[in-house]
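Q: Going down the list, the sequences are from chains A and B. When we follow my numbering, the leftmost residue of the first sequence carries the number 32, and every step to the right adds one. When we follow my numbering, the leftmost residue of the second sequence carries the number 1106, and every step to the right adds one. Can you read through this structure? Questions will come right after.
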Amino acid sequence: MSDVLVFAEHKNGHLPKTTLVALGAGLELAAKQAGKCVVVAAGEGTEELAAHLAGYGVAEVIALEHPALKNYVADAHAQALAALAKELGVQAVLASATAVGKDLMPRLAARLGAPMASEVIAFGEDGTLVRPMYAGNVLATVELSGPLRVITVRATAFEVAARGQSAAPVRKVAAAIDPSALKTELVSFEETKSERPQLSEARIVVSGGRGLKAGENFKTVLEPLADALGAAMGASRAAVDAGFVPNDLQVGQTGKVVAPQLYLAVGISGAIQHLAGMKDSKVIVAVNKDEEAPIFNVADYGLVADLFKAVPEMVEEIKKLKHS
Amino acid sequence: MKILVPTKRVPDPATNIQVLPDGLGIATENVKWVINPFDEIAIEEALRIKERLGTGEVVLAAVGQKSWQEQLRTGLAMGADRAILVLNEKALDSIAVASLLAKIVADEKPELIIMGKQAIDDDSNQIGQMLAEMLGWPQATFASKVEIKERRCTVVREVDGGLETLAFALPAVITTDLRLNEPRYASLPGIMKARKKELKEVPAESLGVELTPRLKVRALRPPSKRQAGRKVSSVAELVNLLHSEAKLI
Ligand SMILES: Cc1cc2nc3c(=O)[nH]c(=O)nc-3n(C[C@H](O)[C@H](O)[C@H](O)COP(=O)(O)OP(=O)(O)OC[C@H]3O[C@@H](n4cnc5c(N)ncnc54)[C@H](O)[C@@H]3O)c2cc1C
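Given below as structure tokens:
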């Protein structure tokens, strides 16, 4: 028997899709190991969230409560989760490889003295794990040994957990935290406001690169396309570095990894680091004026054109389609 | 202030990585080796902090083979003061590397550790966080801005949905994101000076750390290749195909 503890990241009680994917992965891993899947929601006043989590086919939900867990900070969360993992005696702790998951899980692994695999994309039948390396150019089959393993999963690689019929028991646990070991103060969070769908949740993503030439063009040229399609916006590193768009739109090896139904790369050359973040999209469209651009090697539909002419035309065509 | 910058040697990011036929490694004949780009940003940030304060020492550290001297010399040429190479031939996991670095920290007693958020070879993004926990220090990962005033440090972090600001007293571990700075190139005088700077070698076995990896890589393979599709000749054709063939709009 081999139990899995899933860390349910939430923002003020709201569950992002990435958390439901972690749950899906946790359930899959537990089933493979003939163990049970326990999920933990950490925070203050998490009862409602815990009750909601109970409907996803898990064996138990822990509402891990402490004032120091109200907002996410690595040191408090690592302490509390490590104590809980030990108390439960689980064999694996799993989270989604989001900014929080990436920040927290290695710290937790060190606290538990456990080995860790990042951004896992598949579980083998023999206990092995598959994870990408070298910007996704290599897939490694790895094995973690020892009584306890720490894993983050890539959100594009697993299905979201389905809501089931019955509700699992919810247990409230007062987190074991040594306040003298809390050394980090969360000063502020500057949210990137957007009316559009979240990049990591969207069915369609419209991404712009250096070819857009200015932040203003993201607004006047690319946003109308995103709006016509009900799409999320994304960007290449070059576009983010140039200050055209906020950092959390970066898609790639060192940004977000997305796999929407449709990914439109506009004025993006297709560097390996960018491909690492989008090449598992179902359908890829590239608009680029350079017919040699490497993005065309992965695109299902490629349009060699000046984006400043092509994109407004696309918006018109899509509108026509919608009205017909 | 003494700042420790752990670094790694990796293939140049533009390398076209090929898995060896036996699936046990990658082809290295034509690989150009460089300092991990995120670590270069870390070195740059450490140098800027030292320059701003007008005092201090920037010490590089690496856990690897003799050949890694080359990248450490590059870091010294950028302006770091000295370097420590923990010599090790075998494969290590992140826990082992973090444990070795923790030993270096115990010896060197830096007030700040700045390192890359991830190495672009294994893409693990683990060691900074592990090291922070082992030392009982605060961590600020994915930093895009670092400010230090009288041993108090404020870091802006690139996180999902925006920018987060953390504050803490030193010592601490900071890991760098891409937008923290633009690393300088080594100057010719810098390269000359670097030759004379101290590069100390320490055998990994001498540090009393359990080195047997508990993350073992069993096999490597290339991912299935995506087929290039077709070129379309007009916007109308594209939109039409997305509608009638792909059925996505
Ligand atoms: C350590 C490291 C990490 C990295 N991480 C990432 C990452 O996570 N994500 C990422 O994206 N990159 C990343 N990069 C950067 C990556 O290597 C590329 O530099 C980057 O993706 C290039 O962005 P781009 O395609 O927008 O710009 P460019 O490569 O400059 O391409 C611009 C494209 O726009 C086209 N274009 C220009 N004008 C027009 C026009 N009018 N109409 C149509 N097309 C036009 C050009 O033909 C060109 O193909 C990383 C690099 C390193 C070293």
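Here a beta-carbon is modelled for each residue, glycine too, at the ideal position from N, C-alpha and C.
(1) Is T187 of chain A close to chain B, meaning its C-beta is less than 8 Å from at least one C-beta of that chain?
(2) Ligand 1 and R241 of chain A: does any heavy atom of the ligand fall closer than 7 Å to the residue's C-beta?
(3) Note down, in chain order, each residue of its chain lying with its Cβ closer than 7 Å to the Cβ of K67 of chain A, except the 5 sequence neighbours on either side.
(4) Who pairs with F38 of chain A in a beta bridge, going by DSSP?
(5) In the DSSP assignment, what residue or residues form a beta bridge with V1278 of chain B?
(6) Using 8 Å for Cβ pairs, my map puts V121 of chain A next to I93 of chain A. What's the rounded Cβ distance?
(7) Under 8 Å between C-beta atoms, does Q359 of chain A make it to chain B?
(8) Near K78 of chain A, what residues of its chain come up, given a Cβ to Cβ distance below 8 Å and the 5 sequence neighbours on each side ignored?
(9) Is T1133 of chain B a contact residue of ligand 1, with contact defined as CB to any heavy atom under 7 Å?
(10) Mind checking who H45 of chain A pairs with in its DSSP beta bridge?
(11) Where does the unbroken alpha helix (DSSP H) through W1111 of chain B begin, and where does it stop?
(12) Check the DSSP bridge columns for A1333 of chain B and list the partner residues they point to.
(13) How would you write the range of the beta strand (DSSP E) that N1345 of chain B sits in, first residue to last?
(14) According to DSSP, G1128 of chain B sits in a beta bridge with which residue or residues?
(15) If you follow the alpha helix (DSSP H) that R1300 of chain B is in, where does it begin and where does it stop?
(16) Figure out for me which residue from A:V276, A:K351, A:L217 and A:L160 has the closest Cα to the Cα of N1345 of chain B.
(17) So, under 8 Å CB-CB, S1229 of chain B and S149 of chain A are touching, yes? Tell me the CB distance rounded to an integer number of Å.
(18) Using DSSP with H/G/I as helix, E/B as strand and the rest coil, what is Q281 of chain A?
(19) Report the option in A:V173, A:V169, A:V161 and A:S176 whose CA atom is closest to the CA atom of A188 of chain A.
(20) Looking only at its own chain, which residues have a Cβ that is under 6 Å from the Cβ of I1354 of chain B, when we skip the five neighbours before and after it?
(21) How about the segment 98 to 111 of chain A and the segment 1194 to 1203 of chain B: do they share at least three Cβ pairs that are nearer than 8 Å?
(22) Applying the 10 Å Cβ sphere with the 16-neighbour rule, what's the burial state of E1306 of chain B?
(23) Would the segment 1306 to 1322 of chain B count as touching the segment 165 to 184 of chain A if we require 3 or more Cβ pairs under 8 Å?
(24) Which of the three DSSP states, helix, strand or coil, is assigned to M264 of chain A?
(25) Using a Cβ-Cβ distance under 8 Å, would E164 of chain A count as near chain B?
(26) Of all the CB atoms in chain B, is at least one closer than 8 Å to the CB of A130 of chain A?
(27) Suppose you measure from the CA of A324 of chain A to the CA of Q292 of chain A; what does that come to, to the nearest Å?
(28) Which bits of chain A does I1354 of chain B rub up against, with CB to CB less than 9 Å?
(29) CB-CB under 6 Å to I349 of chain A, same chain, minus the five flanking residues each way: which ones, in chain order?
(30) Report the three-state DSSP secondary structure of A94 of chain A (helix, strand or coil).
(31) Within its chain, find whatever has a CB closer than 7 Å to the CB of L1125 of chain B; leave out the 5 residues flanking it on each side and keep chain order.
(32) Could you pull the DSSP bridge partners for G246 of chain A from this structure?
(33) For T50 of chain A, which three-state DSSP category applies?
(34) Of all the CB atoms in chain B, is at least one closer than 8 Å to the CB of P228 of chain A?
(35) For V342 of chain A versus V314 of chain A, is the C-beta distance shorter than 8 Å?
(36) Using DSSP with H/G/I as helix, E/B as strand and the rest coil, what is F8 of chain A?
A: So, from the data block:
(1) Taking Cβ atoms only, chain B never reaches closer than 8 Å to T187 of chain A, which makes this a no.
(2) Yes, the beta carbon of R241 of chain A sits closer than 7 Å to at least one heavy atom of ligand 1.
(3) These residues qualify, in order along the chain: D34, A61 and A90.
(4) F38 of chain A pairs with A:V71.
(5) In DSSP, V1278 of chain B forms a bridge with B:I1218 and B:Q1244.
(6) About 11 Å separates the two Cβ atoms, so there is no contact after all.
(7) Missing from the structure shown is residue 359 of chain A; chain A here goes from 32 to 355 and no further.
(8) Before going further, note that residue 78 of chain A is Glu rather than Lys in the sequence given. Around E78 of chain A: A94, V201 and K203.
(9) Proximity of the beta carbon of T1133 of chain B to ligand 1 is not indicated: no heavy atom of the ligand is located closer than 7 Å.
(10) Residue pairing by DSSP places H45 of chain A opposite A:K42 in a beta bridge.
(11) Strictly speaking, residue 1111 of chain B in this sequence is Pro, with Trp absent from that position. Segment K1107 to T1112 is the beta strand (DSSP E) holding P1111 of chain B; no alpha helix (DSSP H) there.
(12) For A1333 of chain B, which the question treats as bridged, DSSP gives no partner whatsoever.
(13) Unbroken run through N1345 of chain B is the alpha helix (DSSP H), V1340 to S1349; no beta strand (DSSP E).
(14) Beta-bridge pairing links G1128 of chain B to no other residue.
(15) In the DSSP assignment, R1300 of chain B falls within the alpha helix (DSSP H) that extends over L1293 to K1301.
(16) Nearest Cα to N1345 of chain B within the set A:V276, A:K351, A:L217 and A:L160: A:K351.
(17) By a beta-carbon distance limit of 8 Å, S1229 of chain B contacts S149 of chain A. Their separation comes to about 5 Å.
(18) In this structure, Q281 of chain A counts as strand in the three-state DSSP scheme.
(19) The option with the nearest alpha carbon to A188 of chain A is A:V161.
(20) Within the same chain, I1354 of chain B has close Cβ partners L1347 and H1348.
(21) The count of Cβ pairs closer than 8 Å, one atom from the segment 98 to 111 of chain A and one from the segment 1194 to 1203 of chain B, stays below three, leaving the stretches out of contact.
(22) E1306 of chain B is exposed by the Cβ-count criterion.
(23) Two segments are said to touch when three or more pairs of C-beta atoms, one from each, lie closer than 8 Å; by this definition the segment 1306 to 1322 of chain B touches the segment 165 to 184 of chain A.
(24) M264 of chain A sits in a strand when the DSSP states are folded into three classes.
(25) Checking the displayed sequence, the identity of residue 164 of chain A turns out to be Met instead of Glu. Taking Cβ atoms only, chain B reaches closer than 8 Å to M164 of chain A, which makes this a yes.
(26) A Cβ of chain B is located within less than 8 Å of the beta carbon of A130 of chain A.
(27) Their Cα atoms are separated by approximately 22 Å.
(28) Neighbours of I1354 of chain B in chain A, taken as residues at a C-beta separation under 9 Å, are given in chain order as I235, A259, L260, L293, I349, L352 and K353.
(29) Apart from sequence neighbours up to five positions away, the residues of its chain that approach I349 of chain A with a beta-carbon distance below 6 Å are A259, ordered along the chain.
(30) Reduced to three states, the DSSP call for A94 of chain A is strand.
(31) Excluding positions up to five away in sequence, the list reads I1131 and A1132.
(32) DSSP output for G246 of chain A lists no bridge partner at all.
(33) Correct three-state label for T50 of chain A: helix.
(34) No - not a single Cβ of chain B is within 8 Å of the one on P228 of chain A.
(35) Against a cut-off of 8 Å, the Cβ pair of V314 of chain A and V342 of chain A comes out as no contact.
(36) Lying outside 32 to 355, the shown extent of chain A, residue 8 of chain A is not represented and no answer is given.
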